[in-house]
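Trainee:
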Amino acid sequence: MRGMNLADIAELTPVNLHGDRIVYRRKKTGREYSVKVSARAAAILDKYRTGPNDPIFPIYPAASIPDKKKLWRKQNFTERTFNPAMKSVCAALGVDVPGLTFYTARHTYADSLKKAGVSVDVISQALGHSDVRTTDNYLKSFGDEVIDAADKLLD
Numbered sequence: 001m002r003g004m005n006l007a008d009i010a011e012l013t014p015v016n017l018h019g020d021r022i023v024y025r026r027k028k029t030g031r032e033y034s035v036k037v038s039a040r041a042a043a044i045l046d047k048y049r050t051g052p053n054d055p056i057f058p059i060y061p062a063a064s065i066p067d068k069k070k071l072w073r074k075q076n077f078t079e080r081t082f083n084p085a086m087k088s089v090c091a092a093l094g095v096d097v098p099g100l101t102f103y104t105a106r107h108t109y110a111d112s113l114k115k116a117g118v119s120v121d122v123i124s125q126a127l128g129h130s131d132v133r134t135t136d137n138y139l140k141s142f143g144d145e146v147i148d149a150a151d152k153l154l155d
């Protein structure tokens with residue numbers, strides 16, 4: 001889902017679903033985004049979808065709560081529900097990811113695109129950043145082996 005921000009995920013309702021796409025306005029920047037929904041993501045959306053105006057994911061108890069309370073609920077959901085669940089899945093798979101959090105997935109998405117050769121401008125737009133410098137902060141440096149391979153192209 002393109003490393004979608006949790007604040008945006010929490011606000012999704014069935015109104016945001018348009019065929020095989022999620023169309024939403026990023027809370028932080030106000031820009032509109034359209035994300036293609038994979039079959040696996042569609043199954044998750046269908047699982048959690050309830051009423052036509054209800055948030056798809058039960059992060060906030062009601063859609064019309066004050067922003068200050070939303071921030072607390074989002075942090076509480078992340079720390080008490082999502083992050084422990086991710087750690088549990090990793091443990092069951094025998095994978096150790098120190099410091100694993102919700103935002104690890106967002107950073108991994110960006111790093112994976114970078115390693116696949118996608119331009120920083122495209123990654124920046126996909127993440128919903130208003131400034132490419134923000135994206136640069138997300139992206140890890142390539143290891144020596146990647147730069148060595150790039151240098152070999154000049155041989």
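Residue numbers (the numbering used here): 1 to 155.
For every residue, glycine included, the Cβ atom is placed at its ideal position computed from N, Cα and C.
Can you find a C-beta in chain C that's less than 8 Å from the C-beta of Asp-20?
Mentor: In the structure shown, chain C does not exist; there is a single protein chain.
Trainee: At a cut of 8 Å, does the segment 101-115 reach the segment 74-87 through at least three beta carbon pairs?
Mentor: Verdict: yes, contact present.
Trainee: Bridge partners for Ile-226 per DSSP, in chain order?
Mentor: Because the chain in this structure spans residues 1 to 155, residue 226 falls outside the shown range and cannot be described.
Trainee: Let me confirm a value: Gly-51 is counted as buried when at least 16 other C-beta atoms fall within 10 Å, else exposed. Which label applies?
Mentor: Taking the sequence shown and counting its residues from 1, one reaches residue 51 at position 51. The residue in question, Gly-51, is exposed, as its Cβ has fewer than 16 Cβ neighbours within 10 Å.
Trainee: Which one of Lys-115, Asp-131, Pro-55 and Ser-119 has the shortest CA to CA distance from Ala-149?
Mentor: As a position in the sequence shown, residue 149 is number 149, starting the count at 1. Among Lys-115, Asp-131, Pro-55 and Ser-119, the Cα nearest to that of Ala-149 is on Lys-115.
Trainee: For Val-183 versus Arg-25, is the C-beta distance shorter than 8 Å?
Mentor: The requested residue 183 does not occur in the structure, where the chain is confined to residues 1 to 155.
Trainee: Only counting runs of 4 or more residues, tell me where the alpha helix (DSSP H) segments fall wholly within the segment 115-151, in order along the chain.
Mentor: Listed in chain order, the complete alpha helix (DSSP H) runs (minimum 4 residues) inside the segment 115-151 are 120-127 and 132-138.
Trainee: Just the C-alpha distance for Ile-59 and Gly-117, rounded to the nearest angstrom, thanks.
Mentor: Reading the sequence shown from its first residue, position 59 is the one you call residue 59. Reading the sequence shown from its first residue, position 117 is the one you call residue 117. Each residue's Cα considered, the two are about 35 Å apart.
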